[in-house]
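Colleague: All letters in the sequence shown, in the order written, are residues -18 to -1, 1 to 446 by mature numbering (1 follows the signal peptide of the UniProt record, and there is no 0).
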Amino acid sequence: MRLCPLAVLLGVIHLLLACNHWVLREEQIVPKLDSPFHMREPQNLAAFLEQIRYSEYVERSYLDLLRKREQIVEHLRFSMRFGEDLAEQAKCAMDYYMLEKRMSYLKITPEQLKRINLPDQRQLHIQKSASAMGMEPICSDYHRLSVGPATYDHLESFRPEVLAAAFLEREHDTNVGMATVELTRRFAVDGLQHHPASWKFHTLSSYYWRMRGNAREALPCARLAALLAPPIFKDIPLLSLGTILFRMGRLADADLILTAAVEHAPHVAENHVVLASALAMKHDFNRSLQHFDEAERLDPSTLPRTQQVRNFISCLENLTKKTSKMYSYVKYMKNEVKEFKKLKHHISQNHERLIQQQLPLGARRLLLGLDAKSNNDDLHRRGQYCSTRTPNGSDEPVLFCDFYSDMQMRLESKDVDIDVLERDLKANTDAVIRQVSTEIRKQFNLEQLKAAKAQMPAKATKAT
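Given below as structure tokens:
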């Protein structure tokens, strides 16, 4: 009988040793059932200190995780606002694109026609016969287009498959009516008939086909003119050839040809204006501004034309910088999500170490002498989870089931769901890029515009 009190005392001591976390509840000191400090080995001081370290890291890092999530969400909101502002600012580029339809900076100008120095109409033998009235200036009928560097046949733009799909928009100009087009045709036809080796009439023919919107005939005329022209005048047909290529969307080859025109006649302001305008639409802003500066120096009267494109450069350069900034910001947010995922993974690893050292929640009730009717909301709220583990010193996996801890439930909540963040980031990023990049570039990127037009039916390439 004397052993009974001793057994009770030992039981109480064992309970005290097993429970390392007590709280004050309803004026009573009671064990905290869901505490991570209910250890499997309550007497193991090293394990207890490690448990403190794991617990502090998990709790502190979880707060960091929540802050990172809020930061990412705020950055997503900012990216949407940034995209909306950028789309609003892009109106200047859209307005310029609409203005470009009425401009002549890459079209036939009176200055270009004057430089050809055509003979007086009275000096030409313009035919008035029925056959002559219906004739067209087909340059290849009057002169053979040779092979070699002089005709630039090494360029990709002059490959058969590219030429077969060539499309050129008509050069509409309020100052050029049908009467002018007809007169140009008659001058070109008569000139080719009587002077088939004259670069002037091949150049004039290229102008005519540009007015008609026929790239397939305009190109050989301009190439023949560049071949036949003496060095002092070679820049004139090169200017026409480069303009045709640019309006076809062949920007790289157009740059090469127009640069050659400037090199042949660097003293002609018109050459610099056309090259600078093409470079602006190619988004090569530094070179564009250099040639505009040179054009204005050579001929201050070009300022009204150059200023319009300068405004476009200023607008588009700013948009390009901000769009680049937007892409960098999106990349930054993706890295934020990666860091978020990495931190959550580290928290999960440390939490796993934490729960490996603690006594299962389901076993604590029995250890602490709580009956099944005891009210403990913390435990009742939790579901169960099961996992397979391999104990130390054994190769046999063991199925381990227990109640969820607070941290497990928090780590699996939507508040720190990585999939949700990645989905939101992708959706917002796609929306911004679609709004800023795709829609804006569709308005003023001529290369994309010409490529789309090149897909039009073949009949569309033959303007009548």
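From the three backbone atoms N, C-alpha and C, an ideal C-beta is built for every residue, glycine too.
With respect to the alpha helix (DSSP H) encompassing Cys297, which residues constitute its N-terminal and C-terminal limits?
Modeller: Within the sequence shown, residue 297 is the residue found at index 315, counting from 1. Leu285 to Gln339 is the extent of the alpha helix (DSSP H) around Cys297.
Colleague: For Asp388, report the span of its alpha helix (DSSP H) as first-last.
Modeller: Sequence index remark: in the sequence shown, residue 388 carries index 406 (1-based). Element bounds for Asp388: Asp388 to Leu393.
Colleague: With a cut-off of 8 Å, do at least 3 Cβ pairs link the region 138 to 148 to the region 165 to 174?
Modeller: no
Colleague: Which residues in the same chain have their Cβ closer than 8 Å to the Cβ of Val40, if we skip the five residues on either side of it in sequence?
Modeller: In the sequence shown, the residue the question calls residue 40 occupies position 58. Taken in chain order, the residues that qualify are Ile329, Asn332, His333, Leu336 and Met389.
Colleague: Quick one: what does DSSP say Met21 is sitting in, helix, strand or coil?
Modeller: For the purposes of this step, residue 21 is identified with residue 39 of the sequence shown, where counting begins at 1. Met21 falls in the strand class under three-state DSSP.
Colleague: Looking only at its own chain, which residues have a Cβ that is under 7 Å from the Cβ of Leu227, when we skip the five neighbours before and after it?
Modeller: By one-based count along the sequence shown, residue 227 stands at place 245. Only residues of its own chain outside the window of five on either side were considered, and among them Ser139, Asp235, Ala236 and Ile239 have a CB closer than 7 Å to the CB of Leu227, listed in chain order.
Colleague: What do you get for Ser310, buried or exposed, if any count of 16 or more other CB atoms within 10 angstroms of its CB means buried?
Modeller: The residue labelled residue 310 in the question sits at position 328 within the sequence shown. By the neighbour-count rule (16 or more Cβ atoms within 10 Å), Ser310 is not buried but exposed.
Colleague: Pick helix, strand or coil for Met91, following the three-state DSSP scheme.
Modeller: As a first step, residue 91 is located in the sequence shown; it is residue number 109 there, counting from the start. The residue asked about is misnamed: residue 91 is Thr in this sequence, not Met. Coil at Thr91, not helix or strand.
Colleague: How is residue 447 classed by DSSP in three states: helix, strand or coil?
Modeller: With the chain running from -18 to 446 in the structure shown, residue 447 is simply not present.
Colleague: May I ask you to list the residues that DSSP assigns as paired with Leu48?
Modeller: In the sequence shown, counting from the first residue as 1, residue 48 sits at position 66. Paired residue(s): none; Leu48 is not in a bridge.
Colleague: In the structure shown, what three-state DSSP assignment does Ala146 receive?
Modeller: Taking the sequence shown and counting its residues from 1, the one referred to as residue 146 is at position 164. The answer is helix: DSSP assigns Ala146 an H, G or I state.
Colleague: Beta-carbon separation of Leu88 and Arg292 under 9 Å?
Modeller: The residue labelled residue 88 in the question sits at position 106 within the sequence shown. The residue labelled residue 292 in the question sits at position 310 within the sequence shown. No, Cβ-Cβ distance for Leu88 and Arg292 is not below 9 Å.
Colleague: Between the alpha carbons of Tyr314 and Gly224, how many angstroms are there, rounded?
Modeller: Start at 1 with the first residue of the sequence shown, and residue 314 comes out as number 332. Start at 1 with the first residue of the sequence shown, and residue 224 comes out as number 242. Approximately 41 Å, taken between the alpha carbons.
Colleague: Measuring only the C-alpha atoms, how far is Lys435 from Asn196?
Modeller: By one-based count along the sequence shown, residue 435 stands at place 453. By one-based count along the sequence shown, residue 196 stands at place 214. In this prediction, Lys435 has a pLDDT of 46, which is less than 50 and means its spatial position is unreliable; nothing more can be read from the coordinates.
Colleague: Using the C-alpha atoms, what's the distance from Ala179 back to Pro131?
Modeller: As a position in the sequence shown, residue 131 is number 149, starting the count at 1. As a position in the sequence shown, residue 179 is number 197, starting the count at 1. When rounded, the distance between both Cα atoms is 19 Å.
Colleague: Give me, in chain order, the residues of the same chain whose beta-carbon lies closer than 8 Å to that of Pro213; leave out the 5 immediate sequence neighbours on both sides.
Modeller: Position 231 of the sequence shown, counted from the start, is the residue given in the question as residue 213. Within the same chain, His246 come within 8 Å of Pro213 by CB-CB distance, once the 5 residues on both sides are set aside.
Colleague: Within the continuous alpha helix (DSSP H) that includes Leu100, where are the two ends?
Modeller: For the purposes of this step, residue 100 is identified with residue 118 of the sequence shown, where counting begins at 1. Note, Leu100: premise wrong, no alpha helix (DSSP H); not H, not E.
Colleague: What do you reckon, are the CB atoms on residue 468 and Thr284 nearer than 9 Å?
Modeller: The chain is shown only over -18 to 446; residue 468 falls outside these bounds and no answer can be derived.
Colleague: Verify whether the separation of the beta carbon atoms of Glu32 and Gln339 is less than 9 Å.
Modeller: For the purposes of this step, residue 32 is taken as the residue at position 50 of the sequence shown. For the purposes of this step, residue 339 is taken as the residue at position 357 of the sequence shown. For Glu32 and Gln339, yes; Cβs fall inside 9 Å.
Colleague: Tell whether a beta-carbon distance below 9 Å holds between Leu209 and Ala251.
Modeller: Position 227 of the sequence shown, counted from the first residue, corresponds to residue 209. Position 269 of the sequence shown, counted from the first residue, corresponds to residue 251. Their beta carbons are not under 9 Å apart, which means Leu209 does not touch Ala251 by this criterion.
Colleague: Assign Leu45 to buried or exposed, taking buried as 16 or more other Cβ atoms, counted over all protein chains shown, within 10 Å of its Cβ.
Modeller: Reading the sequence shown from its first residue, position 63 is the one you call residue 45. By the neighbour-count rule (16 or more Cβ atoms within 10 Å), Leu45 is not buried but exposed.
Colleague: Could you name the residues of the same chain whose beta carbon sits closer than 8 Å to that of Ser37, not counting the 5 residues immediately before and after it, in chain order?
Modeller: Within the sequence shown, the letter at position 55 stands for residue 37. Result list for Ser37: Pro18, Phe19 and Leu336, in chain order.
Colleague: Mind checking who Leu6 pairs with in its DSSP beta bridge?
Modeller: The residue labelled residue 6 in the question sits at position 24 within the sequence shown. Answer by DSSP bridge pairing, in chain order: Ile11.
Colleague: Report the rounded CA-to-CA distance for Pro24 versus Leu341, giving the unit in angstroms.
Modeller: Taking the first residue of the sequence shown as position 1, residue 24 is located at position 42. Taking the first residue of the sequence shown as position 1, residue 341 is located at position 359. Whole-angstrom Cα-Cα distance: 9 Å.
Colleague: Name the two residues that bound the continuous alpha helix (DSSP H) containing Arg279.
Modeller: Stepping through the sequence shown from its first residue, residue 279 is reached at position 297. Per DSSP, Arg279 is one residue of the alpha helix (DSSP H) stretching across Phe267 to Leu280.
Colleague: Count the other C-beta atoms from every protein chain shown that fall within 10 angstroms of the C-beta of Gly231, then say buried if there are 16 or more, exposed otherwise.
Modeller: Position 249 of the sequence shown holds residue 231. Result: buried.
Colleague: Look at the Cβ atom of Thr91, then the Cβ atom of Leu206, and state whether they are nearer than 9 Å.
Modeller: Position 109 of the sequence shown holds residue 91. Position 224 of the sequence shown holds residue 206. In this structure, the beta-carbon distance from Thr91 to Leu206 does not fall below 9 Å.
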